[in-house]
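Presented below is the structure to which this report refers.
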Amino acid sequence: MRELWRELRQELAGLVLPGGCAGCGVPGVRGELCARCGSTLAGAVPRRVRPSPVPSGLPRVYASLPYADELRALLLAHKERGALGLAGPLGVLLAAAVREASVRAPDSARRRAGGGPLTLVPVPSARRAVARRGHDPVRRIAGAAARELRGRGVSARVLAVLRQRRTVADQAGLTARQRVVNVGGALELVPGVGRLLAGGETMLVDDVMTTGASLAEAARAVAEGTRPVVAAAVIAFRPRP
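So the sequence shown is numbered by my numbering: it starts at 1 and just counts up by one.
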């Protein structure tokens, strides 16, 4: 009910407030994205990205764009300000990274996957963050990405099979090593879901990768309960200085 009310408020706000692009702020935009920012997203070329240092257990990660400028504003608008209409274009970006990750997956991973659907497993947000925002942004974008993939003939689905088993600190301001310690052992598979991941490719998805600590922990939790993930895909990569 809370999520439905948030969506309704956003739709009503769009009717009564002057439009502005969530990416660059240009006024008079119908919807939440101007043509220039839309063109920037459409021109994304996904590539493999690597944090430094690379945390142990991190799978191959593919990102569509750097975390900067208009894309940073769009991600924050969707995540923190409830601009839920942006899940669609952000999902298209994530789907592009997923396709690249799947194509580039090693043959050994493909053999392990065998036949079956492509399963996108979102990295879970902290419960308190979901409660504060009124929605789970990564899960919502993953759903949009799966729809985009199915529209292109890929049998894709989203399974939110990971959950936090202990509280973690806010990652902001932590070093790469501190982030690894902070999230180490924090995730687990929801009991009884291992069979749902049998067959097909399992791929982790998230909105942004910084140090890779969260993705490495998610990969550990999935592999511990079922099989190794094929790869990981994110919308944006934010390297730390």
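From the three backbone atoms N, C-alpha and C, an ideal C-beta is built for every residue, glycine too.
Neighbourhood of residue i by C-beta, 7 Å cutoff - its chain only, sequence neighbours within 5 removed
i      : result
GLU224 : none
ASP69  : none
TYR67  : VAL208, ALA236, PHE237, ARG238
Terminal residues of the alpha helix (DSSP H) in which residue i lies
i      : result
ASP69  : 69–80
ARG150 : 137–151
THR40  : 35–42
ARG166 : ARG166 -> no alpha helix (DSSP H), and no H or E assigned at all.
VAL183 : 176–183
ALA131 : 127–133
Neighbourhood of residue i by C-beta distance below 6 Å, restricted to the same chain and skipping five residues each side
i      : result
CYS34  : CYS21, VAL26
ALA83  : ALA22, GLU32, ALA77
ALA216 : PRO55, GLY57, LEU58
ALA13  : Any reading at ALA13 needs caution, since the residue's pLDDT is 41, under 50, leaving its predicted position unreliable; the model's value is listed next. So the list is empty, once near-sequence residues are dropped.
ARG139 : PRO122, ALA160
LEU74  : ALA22, GLY23, LEU86
For residue i, the three-state DSSP class (helix, strand or coil)
i      : result
ALA105 : coil
GLN10  : No answer about GLN10 holds up, because its pLDDT of 45 lies below 50 and its placement is not dependable.
ALA198 : coil
SER64  : strand
ARG48  : strand
GLN171 : coil
LEU189 : strand
LEU93  : helix
ARG220 : helix
VAL158 : strand
GLY85  : helix
PRO208 : In the sequence as displayed, the identity of residue 208 is Val instead of Pro. It is a strand residue.
VAL121 : strand
Candidates the options, of which the one nearest residue i by Cα
i      : options                        : result
ALA232 : GLY57, VAL183, ARG133, ARG147  : GLY57
ALA142 : VAL49, ARG48, LEU86            : LEU86
VAL154 : ARG99, LEU71, ARG220           : ARG99
ARG48  : ALA218, ARG220, MET209, PRO228 : MET209
ALA95  : ALA44, ALA213, CYS37           : ALA44
ALA156 : ALA126, VAL205, GLY184         : VAL205
ARG147 : PRO137, ASP136, ARG127, LEU120 : LEU120
GLY151 : ALA218, GLY88, PRO239, THR40   : GLY88
ALA219 : GLY134, PRO124, ARG128, GLY173 : PRO124
VAL130 : ARG238, ARG81, ALA172          : ARG81
Spatial neighbours of residue i in its chain, beta-carbon cut-off 8 Å, leaving aside the 5 residues before and after
i      : result
THR226 : LEU189, GLY194, LEU197, ALA198, THR202
C-beta atoms of residue i and residue j nearer than 7 Å
i      : j      : result
ALA144 : ARG166 : no
ALA236 : LEU90  : no
THR175 : PRO51  : no
First and last residue of the uninterrupted beta strand (DSSP E) at residue i
i      : result
ALA231 : 231–237
VAL29  : Run containing VAL29: none; DSSP gives neither H nor E here.
PRO54  : Reading off the sequence shown, one finds Val at residue 54, where the question assumed Pro. Neither: VAL54 is in no beta strand (DSSP E) and is coded neither H nor E.
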